Structures are given as C-alpha cells and as structure tokens.
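Each protein sequence line maps, in turn, to chains E and C.
When we follow the numbering used here, the leftmost residue of the first sequence carries the number 6, and every step to the right adds one.
When we follow the numbering used here, the leftmost residue of the second sequence carries the number 6, and every step to the right adds one.
Positions of the beta carbon are idealized from the N, C-alpha and C atoms, including for glycine.
Remember, predicted model here, so these are calculated numbers, not experimental data.
Read through the structure below, which is laid out as structure tokens, and then see the notes.
Number of protein chains: 2
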Amino acid sequence: MGLAGKTIASHVSGDRLWDRLMALARFGATDAGGVCRLALSSEEIEARAELVKWARDIGLEPSVDAAANLFLTLPGTEPELPPILTGSHIDTQPTGGKFDGAYGVIAALESLDAIVRSGRRPRRSIEAVAWMNEEGSRFAPGMMGSAVFAGVRPMAEIEAVTDASGCSVGEALGQVLAAEEALPRRPLGFPVAGYLEAHIEQGVVLEREATTIGVVIGIQGKRTFRVEIDGEESHAGTTPRGARRDALVSAVHVVQALQDAIWDEADEVRFTIGRFTVTPNAPSVVPGKVVFSIDLRHGDAETVEALGDMIPGICEAAAGKCTAAVQKLLHDEPLVFPESMRGRIGKAADRLGLSHMELPSPAGHDARYLHKVCPSGMIFIPCKEGISHNEAESVTIADATAGTQALAEVVFELAEQG
Amino acid sequence: MGLAGKTIASHVSGDRLWDRLMALARFGATDAGGVCRLALSSEEIEARAELVKWARDIGLEPSVDAAANLFLTLPGTEPELPPILTGSHIDTQPTGGKFDGAYGVIAALESLDAIVRSGRRPRRSIEAVAWMNEEGSRFAPGMMGSAVFAGVRPMAEIEAVTDASGCSVGEALGQVLAAEEALPRRPLGFPVAGYLEAHIEQGVVLEREATTIGVVIGIQGKRTFRVEIDGEESHAGTTPRGARRDALVSAVHVVQALQDAIWDEADEVRFTIGRFTVTPNAPSVVPGKVVFSIDLRHGDAETVEALGDMIPGICEAAAGKCTAAVQKLLHDEPLVFPESMRGRIGKAADRLGLSHMELPSPAGHDARYLHKVCPSGMIFIPCKEGISHNEAESVTIADATAGTQALAEVVFELAEQG
Numbered sequence: 006m007g008l009a010g011k012t013i014a015s016h017v018s019g020d021r022l023w024d025r026l027m028a029l030a031r032f033g034a035t036d037a038g039g040v041c042r043l044a045l046s047s048e049e050i051e052a053r054a055e056l057v058k059w060a061r062d063i064g065l066e067p068s069v070d071a072a073a074n075l076f077l078t079l080p081g082t083e084p085e086l087p088p089i090l091t092g093s094h095i096d097t098q099p100t101g102g103k104f105d106g107a108y109g110v111i112a113a114l115e116s117l118d119a120i121v122r123s124g125r126r127p128r129r130s131i132e133a134v135a136w137m138n139e140e141g142s143r144f145a146p147g148m149m150g151s152a153v154f155a156g157v158r159p160m161a162e163i164e165a166v167t168d169a170s171g172c173s174v175g176e177a178l179g180q181v182l183a184a185e186e187a188l189p190r191r192p193l194g195f196p197v198a199g200y201l202e203a204h205i206e207q208g209v210v211l212e213r214e215a216t217t218i219g220v221v222i223g224i225q226g227k228r229t230f231r232v233e234i235d236g237e238e239s240h241a242g243t244t245p246r247g248a249r250r251d252a253l254v255s256a257v258h259v260v261q262a263l264q265d266a267i268w269d270e271a272d273e274v275r276f277t278i279g280r281f282t283v284t285p286n287a288p289s290v291v292p293g294k295v296v297f298s299i300d301l302r303h304g305d306a307e308t309v310e311a312l313g314d315m316i317p318g319i320c321e322a323a324a325g326k327c328t329a330a331v332q333k334l335l336h337d338e339p340l341v342f343p344e345s346m347r348g349r350i351g352k353a354a355d356r357l358g359l360s361h362m363e364l365p366s367p368a369g370h371d372a373r374y375l376h377k378v379c380p381s382g383m384i385f386i387p388c389k390e391g392i393s394h395n396e397a398e399s400v401t402i403a404d405a406t407a408g409t410q411a412l413a414e415v416v417f418e419l420a421e422q423g
Numbered sequence: 006m007g008l009a010g011k012t013i014a015s016h017v018s019g020d021r022l023w024d025r026l027m028a029l030a031r032f033g034a035t036d037a038g039g040v041c042r043l044a045l046s047s048e049e050i051e052a053r054a055e056l057v058k059w060a061r062d063i064g065l066e067p068s069v070d071a072a073a074n075l076f077l078t079l080p081g082t083e084p085e086l087p088p089i090l091t092g093s094h095i096d097t098q099p100t101g102g103k104f105d106g107a108y109g110v111i112a113a114l115e116s117l118d119a120i121v122r123s124g125r126r127p128r129r130s131i132e133a134v135a136w137m138n139e140e141g142s143r144f145a146p147g148m149m150g151s152a153v154f155a156g157v158r159p160m161a162e163i164e165a166v167t168d169a170s171g172c173s174v175g176e177a178l179g180q181v182l183a184a185e186e187a188l189p190r191r192p193l194g195f196p197v198a199g200y201l202e203a204h205i206e207q208g209v210v211l212e213r214e215a216t217t218i219g220v221v222i223g224i225q226g227k228r229t230f231r232v233e234i235d236g237e238e239s240h241a242g243t244t245p246r247g248a249r250r251d252a253l254v255s256a257v258h259v260v261q262a263l264q265d266a267i268w269d270e271a272d273e274v275r276f277t278i279g280r281f282t283v284t285p286n287a288p289s290v291v292p293g294k295v296v297f298s299i300d301l302r303h304g305d306a307e308t309v310e311a312l313g314d315m316i317p318g319i320c321e322a323a324a325g326k327c328t329a330a331v332q333k334l335l336h337d338e339p340l341v342f343p344e345s346m347r348g349r350i351g352k353a354a355d356r357l358g359l360s361h362m363e364l365p366s367p368a369g370h371d372a373r374y375l376h377k378v379c380p381s382g383m384i385f386i387p388c389k390e391g392i393s394h395n396e397a398e399s400v401t402i403a404d405a406t407a408g409t410q411a412l413a414e415v416v417f418e419l420a421e422q423g
C-alpha cells in the first residue's frame, strides 16, 4: 500500500459511497427497509433526477438515449475514442433491496468522483451508466436497455411490451424522456471500448470463502417461458368436479410434473416459477385460466437447451382436461468474460491488497449483452447470506468500498489504453 | 288457464321483463357478452339508480338501509303489518353473466308491476329487494347485505373488510349511500313476514328434466377458508433449490394433498380453490408467499364439518419447508326451506300449467340468511347447460317469464295472509 497516495483508489470515499447508496434507497423505500422502484416508474424518474444532480456536482455530463439508458460522462483527453462504460441499473424488484443494481451505478459514480479528485484525466471518456429495466418485473423480460443498446433486441419489440395495468414500455419511456427533456440525446448504441460492472454476488460463495473481490468468470445460460393453462370458468357450488375444466387444478399438476422432471441431484439447475396468475381469481368461481412464468438456468449450454426443450411436452401431457400453451421467451447462452478483463481485475485487487477469487455468476446482468459489443467483465462483492431480490439485502461498507476501489482502478486503466 | 284473466300472473309481461334484464346488463357489460358489476362499484351505483327510476315509474317507494340493501316497496292496505320481501342481488362476479342475481331482482320488480297493473292491492306491503354484495368477489365473503339484515354478522365486521386495493366496505358503502342520499333510510333489519327469491338454477337438473319451475328444497352447507403459505423470497438465478423456501412449490404440494384427500367417488362434495395469489409474483424471484381460498360444500352437515376439520392438518403436513396458516371463515349449515312455502310454489305452478319439481340448491343465496328470520323459499328457472359465474350464462325468455309468473302469484298470496 506504499503507492496508495498515488492510486485512483485512494481517492475513493467509503462514506460518500454509502451516503449516496442510502440516499438512492429513499426513492421507493419500503416499510421493511427494502426498495420498490420498478422500471420507468415515478420513483425511478425521481431517483434518476438525483443521479443527474450528483453527476453535475462532480462535473460529469449527463445524457440519455431513446431507451432511457442514462449516461454520466467524464470526458477523456481524446473524447473521439470509444469510451469505457461502467454501471448497472437502478430499477428493483417489487420487494427488492438497496444494493442489487444500485451498487454498480453508485460505485461507478464514486469511481468517476475519485478520478476527478485525483486530478488525472484518462485518455478515453469514462461513462457511468444506468441501464433501463434490468429486473424485468414490471415489463418482462428484463435487461431491456442493455439489450437494445447492444442490438440484441429491436426497439419496436420492447416498446410493445405492457405491464399488468396495460401500460406499454413505449408509453412509460415517453414519461421518463419527457421528464429528462433537457438532457442531450445519445444515439441508441454507439462504439464502446470496454464495460465493467460491479454488483453484489447474490450468492454465498464470497462470504463462505471470506473473500472481498469476486472476479466473475461468466454468466450461466438462461431460458424463460410463459405457460398458459386454459380451462372453463364455472360455479364453485354447483359444478361437480367431474364436469369441471379447472385451470388451477391442471396448473398444479403441470407445476408438479415440471418440478419432478427438471430435478438434478447436484442441485445445479435453477428452475423457478415466480409469477403465477389465476383468472378470474374469485373464491367461488372455478378458475378458467392460469398463466405462469418459467425461469430456467444452468452454466452448461447443452443442459439449458435440453431441459428447456422438454418443457412444452411436460406441460401438454400434465394439463389433463385443460389445454397448455407454452411460449418460448428468452434463450441466452452461457458466456465467459475475456481472460484479459478478468486478469486486470485480479491484478488491481492484488495492488490494493484485497483478497480475490474467480467465480461464475448464476444471475443475469446487463454485462451479458455488453459482452456482445465490447470486452466486458464484472466485479462481485459479498452480500449477507446471499440474500437478494429481498428487502433484507445487506452488504458491509468495507466490502462496498473495496469493490469500488478495484472498479475505479480498472476503469481508469482501461481508459488509458489506446 | 281459464282463470288466467283474473290471475296476477296474467299481468306479467315477458317483453318488459326481458327489456329490463337487458337494460340492467348494460351496467358493467363486458366485450364477451357478460357483466362485471362488482359489489359497491360505480357500475353498481349506476345500475341501482336505474332500478330506482323504474320503481318510481311503477309507483313503488324506494328506500335503503345502512348496508345499502335497496328496497322498492308496494305499500299494502295494512302497511303496519310486516311486509313480504322478494329479490336477490345485482352485483356480479368479475366475469359474470346477465342473470345470476339480476333475474331475481328484475322478476321481483316485474311481479310488483303486474300486481299494480292488476288493480289489486295486497294486505301486506311487498318489497322488491337488491341485497348488498352477494357474490363476495370484491369483498369476501359474500351475502353481506342479507347477513347483516338477518343479524348473522355485525355491521362493524363487514365494514372492516377490504378489497384488493385496500378500499374497505365501510368506504365503499359511504360512496353508495352518498349517491342515494335522497332516498328514505330504513332500519338495518326489520320484521318480515316472508321471503321468496327467484334465481337461475346454475346447474343442469331442470334442463335435463325439461322442467320449468324448480321448487328449492334447501341449500347445501358451506365452509370457507383462507390459507397462507409463508416461505422466503430469494433470487431465481442464484439460490439452489435445496436452499429455497419456495412458497409456490409448497402451495402446489398443499393443493395437491387437499385435492387427493377431499375426494369422493360420488362427486357430491364441491371443493374449489378459486383465488390463488402469489407474492411478489415476479418471474425471477422465488415466491415468498402464497394466499389461497378454499370453498367446500355438501348437502350433509356432518360431511361439511368433518371434511372442513381435516383442512388445517392437511395444509400443515404438506407445506414442507414453508409454514401454512389456515384461517376459518364461513361455516353455514345446510338448510331446508319450510314445507308450506315449497307447497305454495308447487300449487302456483300447477295453477299456471307450468311443469315443476323439487331440487336442492348447491349454490348459496341470500335466502340462506332470510330463512333465519322469516319463512323463506326459492324458485329456480333453467339456465343453459348449467353454465354460471361465466359470461356465457343464458336463459330463455319463456322460462324467465314463467318463473316470474309463479313468483308474482306466490308473493301476492303471501301478502294476503293475515
């Protein structure tokens, strides 16, 4: 640590980082200490305005693209070169925590603050970014902003997606962009020289190994599906069970059949039915329709493909007197981040005297899509008991600060590259 | 039919009855030809205003009580005697039909119209009534208006019930009563000499037997429950299944165990899970909570009691790593309407040359609670294929008219009794 006074990392302030994390968590704060800040909601609009205010105080230049991806730019000495991007997202699950996504954005902001305070100017511009709708809770599937930025999904496709109330992404984007009318407008997708995302691990590996910095090897593969079970509404008091086409009874059989079939002794397959909606959902009406989501993940591409391909057949076979229609949504292959990026993170951690280890990411992140357009990587920090997508999400100030120090070092280094 | 010119029934108009049924169905009409007119909604407020207008045109006196039960009174020659009540409800399921409830109210109105047109005045007053919240879809459980009228449930208890948006019955009642401020206010519960309710059968017996008039023997017993399964929210991508407490997986096991245990070869037990709500209901979050309803019915009191008593144990045993909490809601004993009332309906049908038969009611109706305070009975008419609680609900004009003729005869006869 003899060179600490000369590193970018030495200008990172844990107090400033933490104050901004706590301040951001007030936008959509829940009684239970978590955050409900759904994508493109009024809470997110207010939180974005606060980010813009902080960025201007630091001397960064805010801008936005048509997908409401928000960029906070520190111009380099050669601003015509493709920039380095670093960030994550600030939308949350309905009962989310203070750190999932928010940590990566605030750590990016603090990294730029530290670089400015160091008095050094990088060659390339560095931009902190908050990608639109990573969580996919209000508008499914998620990672929309990074997907359209990277050209993975067309803008028209995401604009047509609606939330439970019938509001479309297009309409909601209109509200956000109207609130940010004064910001310069960026093109949707521009050349990028590198992307680094800091995030809480959302697992127990770093905590178990008592390690501060997680160098992410890659992201497991993921397939998602929408299953619709159609039966017939009838009167709960009059209709004999033999005469019913009860969509809930069929859906329960289907879910049970899926749970039984997609089961691995090693417990490496992630299989989740997180959304399950009954129509008309009235106590004395036999349900006529059930729609549920399937989220399937594994590190091995062939496993994800094979298990996913089994799903339609299982659903149709188990639906009994009802019908099952399975719609394939996402199919993301597993990915491995470049060795060069992983190496830089490990070396930065060594310089800072921080323990580090390589580990895979079971969760999806915006880095998945940035990986398609530029060398990308991720830094994980530990989170308490691996609890995430939960209001009880918790990290320590020390870990959050350490992760930001590593992030600041690596993004500055990347921005110095020709 | 030689005396037809002198009967009250001869003044019943099928056209007028049908026109009013179709006009009422426009309040809350759905694209699929059904009706969504939830209890105490703005649609119901508008429909009630139309009922009041029709009643005034006939010369009836509208009034309302604190539970928003709506009375349309034809004063008798001895108005100090307890009146005869006849009616049903005009609230519907979210995807309800045009006839469930509405038929009984409009048939009551037409009966009074026919009596007025006959030029005869009964001794007792006759009141058409629309009971508040029979369906129990927005505010559970249902039959609230008749329950408080009959003293079965206290007013304070129903006022505290809330809908999915958090609006209480007390608040919603306030809106309805404000809209009907000009109507005279009746006491909540007053002496009644008899109650007769016309309703669609919601089953296939009358259609199968090609019979027009169903003389209802009684109503089967019913128990309802609320089951809450509590687990823990976690991340769908990171949390191994072995480490999850997935409330949906547990709820599926519980529902399957209930379906298996509460099963009778004779298919006489009605067992329905109509409402099933997952929290937070997001595709990439392992569900932390599931709440579902149980509706259990059978004609035999001991069967209903014994099966209902099994439910908490089954839920707790099948909940696995989650917890199951079972709350007992309703417990209504089976009931038998008085022989005298059933005899009168049969004799009226005979006089009118209408085929009739006795049959039980598997569905609950407001007559259940009126039966506690006065001699009560019910008239069923056939409905197509027994389809009800469904937008496709259908009856013929001929059957609707015949049921109203029988209703008008019997209520007039009851009102002539000393």
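Below-7 Å beta-carbon distance, residue i vs any chain C residue
i, result
"PRO288(E)", "yes"
"ARG302(E)", "yes"
"ALA203(E)", "no"
"VAL291(E)", "yes"
"PHE281(E)", "yes"
"HIS336(E)", "no"
Any chain E beta carbon closer than 7 Å to residue i
i, result
"ALA145(C)", "yes"
"ALA329(C)", "no"
"SER46(C)", "no"
"SER142(C)", "yes"
"GLY106(C)", "no"
"SER393(C)", "yes"
"ALA368(C)", "yes"
"ILE278(C)", "yes"
"PRO387(C)", "no"
"SER298(C)", "yes"
Terminal residues of the alpha helix (DSSP H) in which residue i lies
i, result
"LYS58(E)", "47–63"
"ALA203(C)", "Element bounds for ALA203(C): not the alpha helix (DSSP H) but the beta strand (DSSP E), 199–205."
"LEU419(C)", "402–421"
Neighbour-count burial assignment, residue i, 16 or more Cβ in a 10 Å radius
i, result
"VAL341(C)", "exposed"
"GLN98(E)", "buried"
"ILE402(C)", "exposed"
"GLY7(E)", "Unreliable positioning characterises GLY7(E) in this predicted model, as indicated by a pLDDT of 38, which lies under 50. A coordinate reading is not provided."
"SER360(E)", "exposed"
"ARG213(E)", "exposed"
"GLY10(E)", "Because the pLDDT at GLY10(E) is just 48, under 50, the model does not fix this residue reliably, and the value given afterwards should be weighed accordingly. By the 10 Å Cβ count, GLY10(E) comes out exposed."
"LYS58(E)", "exposed"
"ALA152(E)", "buried"
Range covered by the beta strand (DSSP E) that runs through residue i
i, result
"ARG231(C)", "226–235"
"GLU132(E)", "131–136"
"ARG191(C)", "Careful: ARG191(C) lies outside any beta strand (DSSP E) and carries neither H nor E."
"GLN332(C)", "328–337"
Check: residue i C-beta below 6 Å from any heavy atom of the ligand FMN
i, result
"ASP20(C)", "You won't find the ligand FMN in this model; it holds no ligand whatsoever."
Length of the line joining the Cα atoms of residue i and residue j
i, j, result
"ALA177(C)", "LYS227(C)", "27 Å"
"VAL274(C)", "HIS240(C)", "40 Å"
"ARG280(E)", "ASP269(E)", "22 Å"
"GLU418(E)", "SER142(E)", "35 Å"
"LEU90(E)", "THR277(C)", "54 Å"
"GLN225(C)", "SER381(C)", "15 Å"
"SER399(E)", "LYS294(C)", "21 Å"
"GLU363(E)", "CYS388(E)", "16 Å"
"THR229(E)", "HIS336(E)", "7 Å"
"ARG125(E)", "ALA413(E)", "12 Å"
Chain B contact for residue i (CB, 7 Å cutoff)
i, result
"ARG246(E)", "Of the protein chains in this structure, namely E and C, none is chain B."
Rounded distance between the beta-carbons of residue j and residue i, thought under 8 Å
i, j, result
"VAL17(E)", "GLU115(E)", "6 Å"
"ASP168(C)", "PHE144(C)", "6 Å"
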